[in-house]
Each structure stands twice: as C-alpha cells, then as structure tokens.
Amino acid sequence: MTAEQIIFYLTAALILVSALMVVTTRNLIHAALWLVSTLFGVAVLYATLDASFLAVVQVVVYIGAIAIMFIFAVMLTRRDLLDKVPQTNTSWPWAAAASALMAGGLLFAGSQLNAFGAARPALSGDALQGLSLALVSADGFVLPFEVASILLLAAMVGAVYLAYKK
Amino acid sequence: MNFWTDPIAAVAQGLMQTFTGWGMAPEVAGIVTNLLGVVLMITAIMVLDIFLVWVERKVVARFQDRLGPNRVGPWGIFQPFPDIIKLILKEDITPTGADKVPFNLAPILSLGSVIFLWAVVPVASRIYGVDLNVALLYLVASGAIGTLSIIMAGWSSNNKYALVGAYRMVANMVSYEIPLAASLLIPTLLAGSMSLNAIVEMQAKGVWLFLVTPLGALLFLVAAIAELGRSPFDLNEGESEIVAGFHIEYSGMKFGLFYAGELLHAFTFGGFLAALFFGGWHGPWAEEYPLLGAFYFVAKAMLGYWVIMWIKYTVPRIRIDHMLAFNWKFLTPLAFTLLVVTVLAHRLLMSLPLGLYVAGMFLVNLLVAWATLEVLRSSARRQREALGTR
Amino acid sequence: MLPLAAYLSLSALLFSLGLYGALARKNAIAILLGVELMLNAVNINLVSFWRYGNTALMAGQVFAIIVFAVAASEVAVGLALVINIYRRRSSINADEIDLMKW
Chain A
4 MTAEQIIFYL TAALILVSAL MVVTTRNLIH AALWLVSTLF GVAVLYATLD ASFLAVVQVV
64 VYIGAIAIMF IFAVMLTRRD LLDKVPQTNT SWPWAAAASA LMAGGLLFAG SQLNAFGAAR
124 PALSGDALQG LSLALVSADG FVLPFEVASI LLLAAMVGAV YLAYKK
Chain B
152 MNFWTDPIAA VAQGLMQTFT GWGMAPEVAG IVTNLLGVVL MITAIMVLDI FLVWVERKVV
212 ARFQDRLGPN RVGPWGIFQP FPDIIKLILK EDITPTGADK VPFNLAPILS LGSVIFLWAV
272 VPVASRIYGV DLNVALLYLV ASGAIGTLSI IMAGWSSNNK YALVGAYRMV ANMVSYEIPL
332 AASLLIPTLL AGSMSLNAIV EMQAKGVWLF LVTPLGALLF LVAAIAELGR SPFDLNEGES
392 EIVAGFHIEY SGMKFGLFYA GELLHAFTFG GFLAALFFGG WHGPWAEEYP LLGAFYFVAK
452 AMLGYWVIMW IKYTVPRIRI DHMLAFNWKF LTPLAFTLLV VTVLAHRLLM SLPLGLYVAG
512 MFLVNLLVAW ATLEVLRSSA RRQREALGTR
Chain C
437 MLPLAAYLSL SALLFSLGLY GALARKNAIA ILLGVELMLN AVNINLVSFW RYGNTALMAG
497 QVFAIIVFAV AASEVAVGLA LVINIYRRRS SINADEIDLM KW
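Residue numbers (my numbering), protein chains in the order written: chain A, 4 to 169; chain B, 152 to 541; chain C, 437 to 538.
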C-alpha cells in the first residue's frame with residue numbers, strides 16, 4: 004500500500020460519505036456544510052491528479068462562492084419547523100432504483116474501455132504552463148474561455164435582476 | 152551542506168539517520184520526519200502568535216499615549232501567558248439552540264485557514280514549506296475558507312446580532328477578494344510566475360517591486376486590511392453597533408482562537424506584503440546564511456504588521472455601505488486599470504537598463520495616482536454642486 | 437499504483453448519489469445540491485481522463501474550467517429563482533409548486 008493509494012482511499016471515503024450525508028440529512032444547513040466537505044475532498048483529488056491550478060480554483064470558486072451562496076439561500080428561505088420532517092418526496096424508491104441502475108451502468112460502460120486498468124503515464128511538460136497557453140492561444144481554447152466570461156456576466160445580471168427587491 | 156548554509160536539509164538528514172539507526176523502514180522514517188517538520192513549523196508560528204499579542208497591546212498603548220502592560224516580566228513581555236491562563240479558566244458557554252458541531256468547528260477552521268498559509272511563505276532562501284507553483288491563488292483560497300468559518304460561527308450561534316455581523320463580514324471579505332486578486336496579479340505578471348519563491352528570487356536578483364509599482368503595493372495593503380476585517384473596515388465587530396458581531400456567543404478559549412487567529416492573519420499579510428513588494432528575505436548576505444534571511448523577513452513582516460496596526464489605531468470606522476461602495480466603485484476599477492497600465496508600461500520599458508526601467512515604472516504609477524485623484528476631485532466637485540449650497 | 441478504474445468508479449458513485457439527491461428530495465435547494473454533486477463527478481472524470489491520457493492535450497482541464505464557470509452561473513441564477521419563488525409562494529417544496537399561475 005503506497006502512500007498514493009492510502010491518500011486516494013481516504014479522500015474517496017471522505018467524498019462518498021459526505022455526498023451520502025448531503026442527500027440524506029434533514030437539516031439543510033448541515034447538507035450545505037457536508038457539500039463543503041465533499042468539495043474539499045474533490046479539491047484534494049485534483050491535487051493528487053497533478054492538476055494544481057484546478058485544485059485551488061475548486062476551493063476558491065466552489066467553496067468560497069457557490070457553497071456560501073447555498074448557505075445564504077437556505078438561510079433566506081427557511082421555516083423552522085421544516086427541519087424535522089423527512090425530506091424525501093413520494094417517489095423516492097424509484098429515485099433510488101434509478102441511481103443504482105445508473106451506477107451499475109456507468110461502471111459497466113467504464114470497464115469496457117481498454118484503458119480502464121491503465122497505469123498513470125508520466126507528466127509531459129509543465130502542466131500549469133501548458134494550461135495557461137491553451138487558454139489564451141488562438142489555436143487553443145481562447146474562444147470558449149471568452150464565451151464563458153460572457154456567460155458569467157449574463158448570469159450575474161440575471162441573478163441580480165431576479166433577486167432584486169423593489 | 153552544514154547547518155548554517157542549509158538548515159532544514161541538514162536537520163532532516165540528521166533525523167533520518169537517527170530514525171533508520173533505530174530500525175525504522177526508510178519510507179516510514181521519511182513520513183515521520185515530514186510530520187515532525189510540520190509540527191515544528193506550526194509550533195514556531197503559534198509561539199510567534201503569543202509574542203504578537205504582547206506587541207499589539209504595547210503598540211496600541213503607545214499610540215494612545217499610555218504605557219501598556221509593564222508588570223509581568225521586563226516590559227510586560229510575559230503578559231500573554233496570564234491572558235491565556237485567564238481564557239482557559241473561563242466558563243465555556245454554548246448557547247441553547249446553537250448548532251453544536253459548526254459552533255465548535257468555526258474557531259478551529261478560522262485559525263486553521265491562517266496556519267495553512269504559512270506552508271507557502273518563503274521565510275528564507277532555503278527555509279520554506281513547499282514551493283507551490285500556484286501560491287498566490289492559494290492565498291485567495293485560504294481567504295475563502297476563512298469566510299466559510301465566519302458564516303458557520305454566525306449561523307450556529309443562534310443569535311440575530313451574530314447573524315447580521317456574519318453577513319456583513321462575509322459581504323466584506325467576498326467583495327474585497329477581487330481587488331486583492333487583481334493586485335496579486337501585478338507581481339505575478341512582473342515576475343512571470345505565481346510562485347512566491349520565484350517572485351522573491353526575482354526581487355533578490357533585480358529590484359524590489361515596491362519601487363517598480365508603489366501603487367500596487369498600496370492597493371494590496373488596502374485590500375488586505377479590508378480582507379482581514381480590521382479597522383477601519385471592522386464594522387462587524389464594532390461594540391457600539393452590533394456588540395462584537397459574529398463572535399458574540401464565544402467565550403473563553405474559543406474567543407481566544409478567533410482573536411489569536413485575527414492577529415496572526417494580520418501578521419501573515421504583513422509577511423506577504425514583505426515577500427511580494429519588499430524583497431522578502433533579501434538583504435546583505437542573505438543567500439549564504441538562510442537564518443540571516445529569515446531574520447530580515449521577520450523584521451520586514453513586523454514592519455508591515457506595524458503599518459497595519461498604525462492604520463487601525465488612527466483612522467475611524469467606515470460605514471458598511473461606504474465600505475462596499477469604496478470597493479465596487481473605486482478599488483476594483485483602480486485595480487484593473489493599474490493592472491492594464493502596469494503591463495503595458497512593463498512591455499514598453501522592458502528593454503531599457505534597470506535604472507531607467509525603475510524610474511519609468513515609478514513615473515507611470517505616479518501618473519495613474521494623479522489621474523485617480525483628478526477623477527475623484529471632479530466627481531466630488533460635481534456632487535457638491537448637485538447638492539447646491541447646503 | 438492507481439489505475440484509471442479507481443477514479444472512474446469514484447465518479448460513477450458520486451454521480452449516482454447526486455442523481456438520487458436530485459430526484460428524491462422535496463426542497464428545491466436540496467435538488468440543486470444534488471445537481472452540484474453530479475457536476476463535480478463529471479469534473480473528476482474529465483481531469484482523470486486528461487491525466488491518464490495524453491497530458492500535453494489540455495482539453496480535459498480547459499473543459500473542467502468551463503464546467504466550473506457554467507456551474508457557478510447556474511447556481512447563481514437557480515438560487516435567485518428559488519428566492520423569488522419563496523417570496524411569492526412562501527414555500528419551496530417542489531411538490532407544492534405545480535401551478536403556473538396561482
């Protein structure tokens with residue numbers, strides 16, 4: 004059991020347990036906090052995959068912005084008594100069956116890949132440098148990058164307009 | 152490689168030899184040595200934190216024309232220890248209706264988010280935790296975790312004042328992350344890397360970035376003070392307004408953790424100011440003797456911390472809507488304008504010899520500062536005319 | 437030695453947990469939490485395929501960054517909608533919001 008494997012199994016356990024708590028707990032604030040724990044586990048996973056920029060951006064964007072938005076929204080739409088009742092709707096057995104089927108299907112489809120058991124190749128070149136160049140070069144991905152920033156602007160304007168109280 | 156030229160590697164080698172001499176397998180010995188290094192670094196930071204409590208109290212006393220603690224030891228230097236004993240002996244109250252787990256986790260996470268930062272700070276040329284290639288983004292990320300801990304504290308206290316204080320603090324911290332990130336981009340662009348080690352080394356070989364972009368250093372200082380939640384941006388803990396804000400319900404050592412965390416955070420930002428703009432560990436003979444470099448770094452960080460304290464104990468508090476307007480209508484446009492102008496000037500002046508380059512960049516910064524003052528002056532004149540002769 | 441299978445199985449399980457959360461919960465915000473879990477599972481998949489494939493091709497990481505941006509915008513607009521609905525109907529129970537005009 005190398006250190007790499009130990010770290011992966013611990014992180015995977017953190018992610019799966021936190022995700023299970025997100026979808027089953029009754030108190031919504033606790034669900035948002037378990038989501039923070041899941042997102043942090045995913046950031047650690049990116050760091051083990053040598054995607055250091057993505058790991059840090061995951062913490063800044065997901066935990067520092069999205070999770071805080073969730074917590075604010077839960078606080079603004081809360082009614083006290085609703086924390087103790089079960090949070091599942093009437094068709095939850097179908098949902099459980101669908102998600103079990105989806106998990107089985109994805110695992111089967113993945114196992115059909117001939118790269119499924121592949122070992123990790125060596126990292127070619129500086130990942131951070133390569134990523135920065137890809138995001139700004141014309142034969143790279145500069146157009147999707149710019150369109151994503153316009154999307155964020157549109158979302159910001161839309162969210163402010165929708166939530167604005169006259 | 153002896154202790155004086157490379158202290159950490161020498162100590163690590165000595166420890167590894169001791170552990171394998173006792174019969175441990177090499178991988179386990181490596182892990183234990185790394186863990187010991189981490190514990191040693193955290194201990195050093197926390198001891199420094201205790202010292203900072205004394206520094207804070209002495210400095211605020213001198214600013215307020217009084218003496219400060221001077222009974223417990225020479226110049227009152229052992230004063231933090233009675234403080235700590237008092238905080239530990241206090242009753243640990245958890246309010247009824249409080250959410251226990253977030254309530255207890257929030258102070259730990261708040262102090263933890265500051266200790267995380269010291270892993271990437273280059274204390275000397277051969278003394279640092281890790282040379283992370285995205286270190287400046289890591290700084291913004293630790294601010295995000297600090298914000299989360301404040302929301303947890305405010306919410307789980309089951310108290311309206313705590314919640315309002317937490318909302319204000321979070322709005323403050325989230326808003327000021329933007330000029331902070333933009334002002335961090337300026338040393339990144341000038342040095343070509345987000346890694347703090349690379350930025351300090353570039354300053355050691357060239358010129359301190361404070362001379363090249365003084366307005367950028369000032370911008371970083373203002374955004375850092377606002378991000379810390381210290382005066383004049385400390386509306387969330389104003390006793391006269393909302394009774395200590397998000398840490399109302401915290402008593403005893405939990406409050407102590409919040410307080411110590413805030414002081415350490417201020418010192419850490421002083422350290423970042425020193426590393427990014429004032430050359431970090433650079434000084435005479437700092438490359439050959441890393442411990443001398445560490446001394447220079449701590450001295451510069453103390454100077455930065457003193458400037459932050461000076462601003463805190465001189466300027467009155469700013470109202471919350473003024474604080475947010477200051478960020479969105481002034482600091483953010485200024486930060487982005489400065490970024491664009493700095494990069495353009497750097498590109499144009501890059502091929503000149505060093506003296507002309509520094510003079511040119513300094514003049515460009517003065518030009519941007521003058522233009523900003525002109526814009527502010529004309530908008531103030533327009534506002535005064537709109538109000539008439541009131 | 438970690439095979440690609442480890443990361444793919446993790447993301448498959450995370451995706452199905454998110455799917456259960458999105459389908460089985462009453463509160464509109466809890467449904468959005470499930471959607472966030474699914475987006476994170478997709479991102480893990482993208483980054484592991486980048487790492488275990490040709491690491492000179494940056495498409496995996498760039499796609500993951502675009503997913504970050506899209507997730508952030510979607511959460512912002514979704515939560516603004518939820519807050520608006522709460523102001524009009526005083527409830528965000530997905531079972532009760534089933535009429536277009538009150």
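C-beta atoms are modelled at their ideal positions from N, C-alpha and C, and glycine is treated no differently.
Nothing here was measured: the structure is a model prediction, and the numbers come from that model.
Checking the sheet assignment: what are the DSSP bridge partners for residue i?
i	result
Arg461 (chain C)	A:Thr91
Asn529 (chain C)	C:Asn463
Taking 8 Å as the CB-CB cut-off, is residue i touching chain A?
i	result
Asn284 (chain B)	yes
Arg487 (chain C)	yes
Pro435 (chain B)	no
Pro253 (chain B)	yes
Ala295 (chain B)	yes
Trp306 (chain B)	yes
Val189 (chain B)	no
Ile119 (chain B)	It is not possible to answer for residue 119 (chain B), since the shown part of chain B is limited to 152 through 541.
Val321 (chain B)	yes
Residues of chain C with a CB under 7 Å from the CB of residue i: which are they?
i	result
Val45 (chain A)	Asn476, Ile480
I want to verify the contact list: residues of chain A whose CB lies under 9 Å from the CB of residue i, in sequence order.
i	result
Leu459 (chain C)	Asn92, Ser94, Trp95, Trp97, Ala98, Ala99, Ala101, Ser102
Ile266 (chain B)	Ordered by position in chain A, no residue passes the 9 Å Cβ test against Ile266 (chain B), which lies about 16 Å from the chain.
Quick one: which chain B residues come within Cβ less than 8 Å of residue i?
i	result
Phe56 (chain A)	Val285, Leu288
Give the interface partners of residue i over in chain A, defined as CB-CB distance under 7 Å, in chain order.
i	result
Ile551 (chain C)	Past the edges of chain C, shown from 437 to 538, lies residue 551 (chain C), and the structure says nothing about it.
Val291 (chain B)	Val63
In chain A, what lies closer than 8 Å to residue i by C-beta?
i	result
Leu299 (chain B)	Val39, Ile66, Gly67, Ala70, Ile71
Leu535 (chain C)	Simply none; closest approach about 17 Å.
Ala374 (chain B)	Within 8 Å Cβ-Cβ: nothing; Ala374 (chain B) doesn't reach chain A, min ~15 Å.
How would you list, in chain order, the residues of chain B whose beta-carbon sits under 9 Å from the beta-carbon of residue i?
i	result
Met4 (chain A)	Simply none; closest approach about 11 Å.
So residue i contacts chain C; which residues on that side make the cut at Cβ distance below 8 Å?
i	result
Val60 (chain A)	Ile501, Phe504
Ala106 (chain A)	Ala448, Leu449, Phe451, Ser452
Within the 8 Å Cβ cut-off, does residue i reach chain B?
i	result
Val63 (chain A)	yes
Leu110 (chain A)	no
Using a beta-carbon distance below 8 Å, is residue i in contact with chain C?
i	result
Leu79 (chain A)	yes
Ala34 (chain A)	yes
Ala118 (chain A)	yes
Ala76 (chain A)	yes
Ala50 (chain A)	no
### Message
Which residues of the segment 471-485 of chain C have a Cβ closer than 8 Å to any Cβ of chain A? Give them in chain order.
### Response
Result list: Glu472, Leu473, Asn476, Asn479, Ile480, Val483, Ser484.
### Query
Taking any Cβ of chain C, which residues in the segment 127-150 of chain A have a Cβ under 9 Å from it, in chain order?
Of all residues in the segment 127-150 of chain A, Ser127, Gly128, Ala130, Gly133, Leu134, Leu136, Ala137, Leu138, Gly143, Phe144, Pro147, Phe148, Val150 have a Cβ within less than 9 Å of some Cβ in chain C.
### Task
Evaluate contact between the segment 44-63 of chain A and the segment 267-286 of chain B, counting only Cβ atoms and requiring at least three cross-stretch pairs below 8 Å.
Three or more Cβ pairs drawn from the segment 44-63 of chain A and the segment 267-286 of chain B lie within less than 8 Å of each other, which places the two stretches in contact.
### Message
Using a Cβ-Cβ cutoff of 7 Å, what residues of the segment 8-22 of chain A are near chain C? List them in chain order.
### Response
Only those residues of the segment 8-22 of chain A whose C-beta falls short of 7 Å from the nearest C-beta of chain C are listed: Gln8, Phe11, Ala15, Ile18, Leu19, Ala22.
### Query
For the segment 154-165 of chain A, which residues have a beta carbon sitting closer than 9 Å to at least one beta carbon of chain B?
So nothing in the stretch comes that close.
### Message
Below 8 Å, how does it come out for the segment 293-312 of chain B and the segment 252-263 of chain B: are there three or more Cβ pairs, yes or no?
### Response
Yes, since at least three Cβ pairs between the segment 293-312 of chain B and the segment 252-263 of chain B fall closer than 8 Å, the two stretches touch.
### Query
With a cut-off of 8 Å, do at least 3 Cβ pairs link the segment 310-318 of chain B to the segment 328-341 of chain B?
Segments in contact, no.
### Task
Report yes or no: do the segment 499-515 of chain C and the segment 146-158 of chain A share at least 3 C-beta pairs separated by less than 8 Å?
Contact between the segment 499-515 of chain C and the segment 146-158 of chain A is present, because at least three Cβ pairs lie under 8 Å.
### Message
Closer than 8 Å is the cut-off here; do at least three beta carbon pairs connect the segment 211-224 of chain B with the segment 418-436 of chain B?
### Response
Three or more beta-carbon pairs separated by less than 8 Å are not found between the segment 211-224 of chain B and the segment 418-436 of chain B, which leaves the two stretches without contact.
#### Entry: Given 8 Å, three or more beta-carbon pairs between the segment 359-374 of chain B and the segment 437-452 of chain B
Under the Cβ criterion (8 Å, minimum of three pairs), the segment 359-374 of chain B does not count as touching the segment 437-452 of chain B.
### Message
Quick test of the definition: if touching needs 3 or more C-beta pairs under 8 Å, does the segment 460-480 of chain C touch the segment 18-38 of chain A?
### Response
With the cut-off at 8 Å, the segment 460-480 of chain C and the segment 18-38 of chain A touch.
### Task
Inspect the CB distances between the segment 264-279 of chain B and the segment 413-422 of chain B and report whether three or more fall short of 8 Å.
The segment 264-279 of chain B, when compared against the segment 413-422 of chain B, does touch it at the 8 Å Cβ threshold.
### Query
Counting Cβ pairs, one atom from each stretch, are 3 or more of them under 8 Å apart for the segment 475-485 of chain C and the segment 35-47 of chain A?
Yes: the two stretches touch, three or more of their Cβ pairs being nearer than 8 Å.
### Message
Taking contact to mean 3 or more Cβ pairs, one atom from each stretch, closer than 8 Å, check whether the segment 485-493 of chain C and the segment 110-125 of chain A are in contact.
### Response
Under the three-pair Cβ rule at 8 Å, the segment 485-493 of chain C counts as touching the segment 110-125 of chain A.
### Query
So does the segment 397-411 of chain B actually touch the segment 523-531 of chain B, counting three or more Cβ pairs closer than 8 Å?
Cβ pair count under 8 Å is below three, so no.
### Message
With three or more beta-carbon pairs closer than 8 Å as the criterion, would you say the segment 311-331 of chain B touches the segment 93-104 of chain A?
### Response
No: the two stretches stay apart, fewer than three of their Cβ pairs being nearer than 8 Å.
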